[in-house]
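Visitor: Protein chains in written order, with the working numbering: chain U, -4 to 429; chain X, -4 to 429; chain F, -4 to 429; chain D, -4 to 429.
Glycine is no exception: its CB is placed at the ideal position from the N, C-alpha and C atoms.
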């Protein structure tokens, strides 16, 4: 894999930070400041080619801050902290670099289309001051619209944008990569810097995504509700569906945080419903022994079961595979199973969905978002392009977009984390029939 | 209407409170302490027959606290504060009256059935100490099972129960009334005292029901989420379904508390979807003017619309009419409407359901629950029966069960409160075609 | 006492509400709509002279909404909900009455002084939109400066203000009364309508003051902290000082809400520290029996003890008697007592102070504030003056300022509420030496 | 520095985990699994001697789980998450290792004294089930008593304890180190495993301490209160004192999280109050420009200023230097300064103290505590001793106690983090007179 970062051009302009911050200690970062990707000592000698460039302010930068024209766009589903990142980018540009031309395109890449109805807005410290106190994104967002990237670059070129900050997930970053490539091909002085947004924490080469902690913190509440409901009825079952299309991090962390879950299902770990080692028989046993059960299922779990049932697979506007609803599927399967057995149960189904993703960034995520925004500006001013700002082993890093989207981060069923989760639930390590 | 309270027998035993609390001021209540139901001055002279008996400790009581055997049962759906009321009844009986025999029947009236699988548990200060720190009910609950009341009284008689505290809603109170009547007919020394539980705040002759404030407080969060989602998308629509089978108090209060709702629908106020003054055209107008909309619908709203669609009406185990899902109905209607018009919208549907009813009692409800429990014990010890503890104009009162369930409290579409709600939303006063 | 409300002049202008709200049911209020102050049935016939005029919109009003010039001022210490009331007054005036001239004087009555440095600001729906989402008051506040009321009226006259909304406590309302009297004497067309602000809930003839519930809800948290600390140490003592200069309502409600307090002290109930029935000996006993104790003291409690110690009494800028710090006094007394006995204790002192009063209005207070603001506008538009908007037995009422400030509401040590509090703590009913 | 971990003896017993968890992937850890301390690529070749042993279950362990006798002790001030760690140790021992003899010594090392009044308690899944839902520590805690370590080991020897889990800070870990050394000298089969507790996050070689995030999250609330108060008055000043005896991490993170602080002071960065570049003159300027200011000071800041004032330095029972109160000092200095200038200010001083440290662990800390407890049990069962469980670059590690307490972690005034903090406040980079 390629860990090296592209620059849009040379860095000949002294950073305005030099006026205030001395060139001592670790105040400025250079391209030789890198950290190893793999830090196990077993590997005879760590590989410098497998190392991340550190994020941070450069002494010499590419763009003249007083002339550069920046733009921000937010895409995809809501995620806690979007406003915090927007705010941080604007404040850093304005107050630290003295760069005051920042546009906000509305409603995702759609706002860059030539025929976009809603015009971009000027962003300033004034109009971003309190946005971190509400959830969502002040710029609005949208899925889809990534097809016609050449036209989006037309808009950027026409509006003389030099820096595009793209906040979004997999699809958005793919788009950002394409924009960066087109811009390079056209010879535009345009840097594209992404801030990866994935509430599911599933971008690889990045250890933590903003909003993830706020999301699983909020999810804990639904699990508690399910637990209260389950305990409040004879053969009470609380069933919670949480986000997680391709990875079960939110479900796993919410489970670990409260320890009220008895069965958890995530996309990475297949399971059977029926059969002698299927989930239903274990659920029945749990009800018999304890009188109630709490189940947590990530939305992407058990897709192979749904397919068996003959469900169609569709794609949404962003090209994401649309998942059949595993929550409803499990709810119906459980009902049917116990009905056939003549066992009365009391099931409560909770789908918190938008309550979670629209929540505020908590304190820790707020700090993280603020720093991501600042590092994004440092990178962009230095002319870095086709990259995202990430974190690795507590260092903020620059990651090529291609590397970041090369594979999705998933939970390893053989990892200690997953074992910790299983241990917290007490469920069998495997629920698949042989 | 009859406001007078029945007694199971004479009060010849001095209250143990007399040892500690002097007989001065308002420390003890007698049957002549009553407050007017109607306090308008227009009515020439207030009617003493239309007055509530005040709740509170009596100097002379009916039961010998050291001998009396009490029992508690919780029925129906969960509601914030159930555990608080249980705890208060137990602590008051134990510590204040020195009455230490208190059983908790499990899972509602079902736990009183002769063949109940789960046996009642002894309640003591020890095992109720921290139950107010979790939601739900430590006794479990259930709907249904109210048919065979004679058999339930058999159980009470066999177990020599003298006081039955019944915590529940309409159906539960009807059951309690029947139990009280059967007990009287049999000449049992059994007092039945209810604590009305209705998260919807819809019991008449009682101005406030416990848990209601906690419920609408929690509901506000879903409305905020809907608002964030609506603002975060082009033609964004946030649609929230809240509790309220027959009355819209939760929806109305949640709307008043945050002012983010643009359209509210409650059971008491009919509306049309289609047509020139129907909701859909007003929604379309709002989207055109403001780009987004937040809609709040109580689960019992628009039932006549669902019937038109040919939906069947069923009853659940408690005999409650099962409502077709107005939330899903509106979601689908809105989608179809704008699809036909070729207008792209982004709708987010939120159904917080169990997250709300399983929540903790907030501070104010906690106090209210504690007092309701205490007043219930005062009433029961004095041998009052076939009654519930309520509140009227800031006084705790005794209300005959028959009076309490004589009619459901509903929001008057001509009331100032409803006008305040409409004013907060800005929606048309009427959305019905002529 | 005089319950009748003054009007600044006749009501000859039809309310603009008539265009939208029909004159049916209870949509409009007239001066004959009154409710009894005393609703006990014992009192042979309720006294119409002792009844409150109901608040609400009048059909005919005094001011022409499109011409009237209003002003708002907030005085005294912060209280949850101030911004909500301001916002409500502005929105009601604008959107409902179509009255768009509303000034906000800054920093209390000081902002009305001829030499006020900070000029008043124009209030509009735009700049009050989100103020209910932060604590405090957007207008700022101040104590003191109430001496020279004639000059303040000069300012109002010069600026042609017709309505002054005064949000504040005792001192503020006295000032508002004086302003109203001066205005009447001068023949100004100026209505003065107060919204009583007392976080301590101690204004008489008004059953609930806004922000009070939010305050005691927040106070519960400090008590929980004290409880955790007390239990976490050998002979652990958690001592919490809460607001309540002259009444103990916050302390009492916080105590009732959580049940973690073992000793509570309020201004209304005297107590001794030393002596055979003094607090210290009871505390010693509790530590011996249970190993820890939680104490809650209202700031105004035990002032007579402080005086004994020779403390001086001073007045602050508003003329409030400045209280010696009973919290510090108790902390020191307890330390000394156990030190002399050679008993090691671990005491943690918590003074949440400003954390409480700067908190947000909770959902229930938010509704109350919104309604208070609306009723204040209804009253003012009808030319009512020298009055405050209050609540009595669930009705919004008009109360003459003189009546409202005629005596301070205090907790009656013989009341059921206080007995409930004592019962919740388990402390002796009396801790005074004979 | 020495990174190698001592073992109390050989590991000849197969782990009971082997029955359930296969020996594949990363399920078990061996001593050769290490990670580099320093991961910069500049350093020619990373030093294996400077690497941490990874935490995790071993295939072969030292103690026979069914025979081993464990004990837990919690020392020093409260910290969010203590109960979570206790609970995790107990559940891991019981359910995963099948080890059921676990004592909890009460009130810190004092509970191990031969004359301890309060006897240790048996810990079981039953009595730790819900302790993570309250703050504090179920075992109680205390400072001091670390002098006579030989006697404490006598107790451990007499009670045949094989594993001592010590949860505490610097002083506690020093004590644990001494106990481990004495035990080794005596040839006892006693492993001492620490879980470092420092709400200030100031233990070196460990990147994150449990409870820290919960603490600064809670601290944000006090800063918001200070901000509301400051904005609510003319020349309003909100002054907040936060924890941080020797390091300013809590203050810094709370400042970064909300961005409402204008001046921050931490122990690591000296400052002057007076003089032309002192704080007071900058505060005056801020008041002139903006009308209000929020100040956040860590309790250990400015100690050199206090010494100048002639304050005595004392030590508390644990030998900690007792700090003069910088909060009160600044409050008084500010008051005096503006009084002398004749400028009226309105200052509100907030000291949340125990409200912060007694708070619950938030979701993220809860997970961290659960894992720390599990890893502590893995280490102890393998016979590791004289070590603590820590975290480094997202790996759980074993750290020799001597290494962990070799130097205190402090914030580097030349670090990017501190620059980010300064940037967030807008205060001058240096406030010292030359």
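#1: Would you check if the distance between the CB atom of residue 63 (chain F) and the CB atom of residue 158 (chain F) is smaller than 9 Å?
#2: Taking only runs of the alpha helix (DSSP H) that begin and end inside the region 139 to 217 of chain D, which ones reach a length of at least 4 residues, in chain order?
#3: For residue -2 (chain F) and residue 169 (chain F), I'd like the C-alpha separation in whole angstroms.
#4: When the Cα atoms are used, what is the spatial distance from residue 320 (chain D) to residue 293 (chain D)?
#5: Determine the contact status of residue 167 (chain U) and residue 106 (chain U), defining contact as a CB-CB distance below 9 Å.
#6: Are the Cβ atoms of residue 83 (chain U) and residue 365 (chain U) separated by less than 9 Å?
#7: If you compare alpha carbons, which of U:116, U:348, U:269 and U:224 is closest to residue 73 (chain X)?
#8: Hey, out of D:48, D:386, D:240 and D:298, whose CA is closest to residue 403 (chain D)'s CA?
#9: Cα-Cα, which of D:16, D:156 and D:178 is closest to residue 1 (chain D)?
#10: Does the Cβ-Cβ distance between residue 244 (chain X) and residue 211 (chain X) come in under 9 Å?
#11: What is the C-beta distance between residue 50 (chain X) and residue 392 (chain X), in whole angstroms, given that I count them as a contact (C-beta under 8 Å)?
#12: For residue 275 (chain F), which option in F:5, F:263 and F:328 has the closest C-alpha, if you only look at C-alpha atoms?
#13: Are the CB atoms of residue 333 (chain U) and residue 297 (chain U) nearer to each other than 9 Å?
#14: Looking at the C-beta of residue 129 (chain U), does it have a partner C-beta in chain F at a distance below 9 Å?
#15: Determine the DSSP secondary structure at residue 297 (chain U), reduced to helix, strand or coil.
#16: Going by alpha carbons, who is nearest to residue 35 (chain X) out of F:387, F:151 and F:422?
#17: Buried or exposed: residue 216 (chain F), going by 16 or more other Cβ atoms within 10 Å of its Cβ?
#18: Just how far apart, CA to CA, sit residue 93 (chain D) and residue 61 (chain D)?
#19: Should residue 98 (chain U) and residue 136 (chain U) be called a contact, given that it needs their Cβ atoms to be closer than 9 Å?
#20: Determine, using beta-carbon pairs with one atom in the region 5 to 22 of chain X and one in the region 403 to 418 of chain F, whether at least three such pairs fall under 8 Å.
#21: Write down the C-beta distance between residue 249 (chain U) and residue 237 (chain U) rounded to the nearest angstrom, noting that I regard them as a contact closer than 8 Å.
#22: Can you find a C-beta in chain X that's less than 9 Å from the C-beta of residue 104 (chain U)?
#23: Any idea what DSSP makes of residue 250 (chain U), helix, strand or coil?
#24: Please classify residue 197 (chain D): is it buried, with 16 or more other beta-carbons within 10 angstroms of its beta-carbon, or exposed?
#25: With distances taken Cα to Cα, identify the nearest neighbour of residue 25 (chain D) among D:10, D:15, D:33 and D:14.
#26: Can you pull the chain D residues whose beta carbon is under 8 Å from the beta carbon of residue 228 (chain F), in chain order?
#27: Return the CA-CA distance between residue 295 (chain X) and residue 201 (chain U), expressed in angstroms with no decimal places.
#28: Taking only beta-carbon atoms, is residue 307 (chain D) less than 9 Å away from chain F?
#29: Where DSSP assigns a beta bridge to residue 282 (chain U), which residues make up the other side?
#30: Under 6 Å Cβ to Cβ from residue 412 (chain F), same chain only, skipping five residues before and after it: list those, please.
#31: Tell me which residues share the same chain as residue 306 (chain D) and place their Cβ nearer than 8 Å to its Cβ, disregarding the 5 neighbours each side in the sequence.
#32: From the DSSP output, in three-state form, read off residue 0 (chain X) for me.
#33: Just how far apart, CA to CA, sit residue 205 (chain F) and residue 48 (chain U)?
#34: Run through DSSP, which three-state label would residue 11 (chain F) get?
#35: Please list the partners that residue 345 (chain X) has in chain U, where partner means a Cβ-to-Cβ separation under 8 Å.
#36: Which term fits residue 428 (chain F), buried or exposed, when burial requires 16 or more other beta carbons within 10 angstroms of its beta carbon?
Guide: Quick look at the numbers:
#1: For the purposes of this step, residue 63 (chain F) is identified with residue 68 of the third chain, where counting begins at 1. For the purposes of this step, residue 158 (chain F) is identified with residue 163 of the third chain, where counting begins at 1. The answer is yes: Cβ separation under 9 Å.
#2: 144 to 153 and 165 to 181
#3: Here the question's residue -2 (chain F) lines up with position 3 in the third chain. Here the question's residue 169 (chain F) lines up with position 174 in the third chain. Cα to Cα, the separation comes out at about 17 Å.
#4: Within the fourth chain, residue 320 (chain D) is the residue found at index 325, counting from 1. Within the fourth chain, residue 293 (chain D) is the residue found at index 298, counting from 1. So the alpha carbons of these two residues sit roughly 10 Å apart.
#5: Counting from one through the first chain, the residue named residue 167 (chain U) turns up at place 172. Counting from one through the first chain, the residue named residue 106 (chain U) turns up at place 111. The Cβ atoms of residue 167 (chain U) and residue 106 (chain U) do not sit closer than 9 Å to each other.
#6: The residue given as residue 83 (chain U) occupies position 88 in the first chain. The residue given as residue 365 (chain U) occupies position 370 in the first chain. Yes, the Cβ-Cβ distance between residue 83 (chain U) and residue 365 (chain U) is below 9 Å.
#7: Indexing the second chain from 1 puts residue 73 (chain X) at position 78. Among U:116, U:348, U:269 and U:224, the Cα nearest to that of residue 73 (chain X) belongs to U:224.
#8: Position 408 of the fourth chain, counting from 1, holds the residue named residue 403 (chain D). Here the closest residue by C-alpha is D:240.
#9: The count along the fourth chain starts at 1 and reaches residue 1 (chain D) at position 6. Comparing Cα positions, the closest option is D:178.
#10: For the purposes of this step, residue 244 (chain X) is taken as residue 249 along the second chain, with counting starting at 1. For the purposes of this step, residue 211 (chain X) is taken as residue 216 along the second chain, with counting starting at 1. It is a contact, given that the beta carbons lie within the stated cut-off.
#11: Locating residue 50 (chain X) in the second chain gives position 55, where the first residue counts as 1. Locating residue 392 (chain X) in the second chain gives position 397, where the first residue counts as 1. Right, the Cβ-Cβ distance comes to about 6 Å (below 8 Å), so this counts as a contact.
#12: The residue given as residue 275 (chain F) occupies position 280 in the third chain. Closest option to residue 275 (chain F), Cα to Cα, is F:328.
#13: Within the first chain, the letter at position 338 stands for residue 333 (chain U). Within the first chain, the letter at position 302 stands for residue 297 (chain U). Not in contact: residue 333 (chain U) and residue 297 (chain U) (Cβ atoms no closer than 9 Å).
#14: On the first chain, residue 129 (chain U) is found 134 positions in, with the first residue counted as 1. Yes, residue 129 (chain U) counts as interfacial toward chain F.
#15: Residue numbering aside, residue 297 (chain U) sits at position 302 when the first chain is read from its first letter. Taken through DSSP and simplified to helix, strand or coil, residue 297 (chain U) comes out as coil.
#16: By 1-based counting over the second chain, the position of residue 35 (chain X) is 40. The shortest Cα separation from residue 35 (chain X) among F:387, F:151 and F:422 belongs to F:387.
#17: In the third chain, the residue the question calls residue 216 (chain F) occupies position 221. That one is buried.
#18: Within the fourth chain, numbered from 1, the residue matching residue 93 (chain D) stands at position 98. Within the fourth chain, numbered from 1, the residue matching residue 61 (chain D) stands at position 66. If I take the Cα positions, the gap works out to 6 Å.
#19: Residue 98 (chain U) sits at position 103 when you count from the first residue of the first chain. Residue 136 (chain U) sits at position 141 when you count from the first residue of the first chain. No; because the gap between Cβ atoms is not below 9 Å, this pair is not in contact.
#20: yes
#21: By one-based count along the first chain, residue 249 (chain U) stands at place 254. By one-based count along the first chain, residue 237 (chain U) stands at place 242. Going by Cβ atoms, the distance from residue 249 (chain U) to residue 237 (chain U) rounds to 6 Å, so yes, they are a contact pair.
#22: Sequence index remark: in the first chain, residue 104 (chain U) carries index 109 (1-based). By this cut-off, residue 104 (chain U) is not an interface position.
#23: Locating residue 250 (chain U) in the first chain gives position 255, where the first residue counts as 1. It is helical.
#24: Start at 1 with the first residue of the fourth chain, and residue 197 (chain D) comes out as number 202. Buried.
#25: Translated into the one-based positions of the fourth chain, residue 25 (chain D) becomes position 30. Residue D:10 is the option with its Cα nearest to residue 25 (chain D).
#26: Stepping through the third chain from its first residue, residue 228 (chain F) is reached at position 233. Chain D residues near residue 228 (chain F): 102, 135, 136 and 137.
#27: Along the second chain, read from residue 1 onward, the residue named residue 295 (chain X) stands at position 300. Along the first chain, read from residue 1 onward, the residue named residue 201 (chain U) stands at position 206. Going by the C-alpha atoms only, they are around 47 Å apart.
#28: Residue 307 (chain D) sits at position 312 when you count from the first residue of the fourth chain. Confidence at residue 307 (chain D) is low in this model, with a pLDDT of 47, below 50, so its placement is unreliable and no value can be given for it.
#29: What you label residue 282 (chain U) is simply residue 287 of the first chain in a count that begins at 1. Bridge partners of residue 282 (chain U): none, in fact.
#30: Taking the third chain and counting its residues from 1, one reaches residue 412 (chain F) at position 417. Excluding sequence neighbours, residue 412 (chain F) sits near nothing in its chain.
#31: For the purposes of this step, residue 306 (chain D) is taken as residue 311 along the fourth chain, with counting starting at 1. No answer about residue 306 (chain D) holds up, because its pLDDT of 47 lies below 50 and its placement is not dependable.
#32: Here the question's residue 0 (chain X) lines up with position 5 in the second chain. In this structure, residue 0 (chain X) counts as coil in the three-state DSSP scheme.
#33: In the third chain, residue 205 (chain F) corresponds to position 210, counting from 1. In the first chain, residue 48 (chain U) corresponds to position 53, counting from 1. Their Cα atoms are separated by approximately 56 Å.
#34: Numbered from its first residue, the third chain carries residue 11 (chain F) at position 16. Helix.
#35: Translated into positions along the second chain, residue 345 (chain X) becomes position 350. Simply 348, 349 and 350.
#36: Here the question's residue 428 (chain F) lines up with position 433 in the third chain. The C-beta of residue 428 (chain F) has fewer than 16 other C-beta atoms within 10 Å across all chains shown, which makes the residue exposed.
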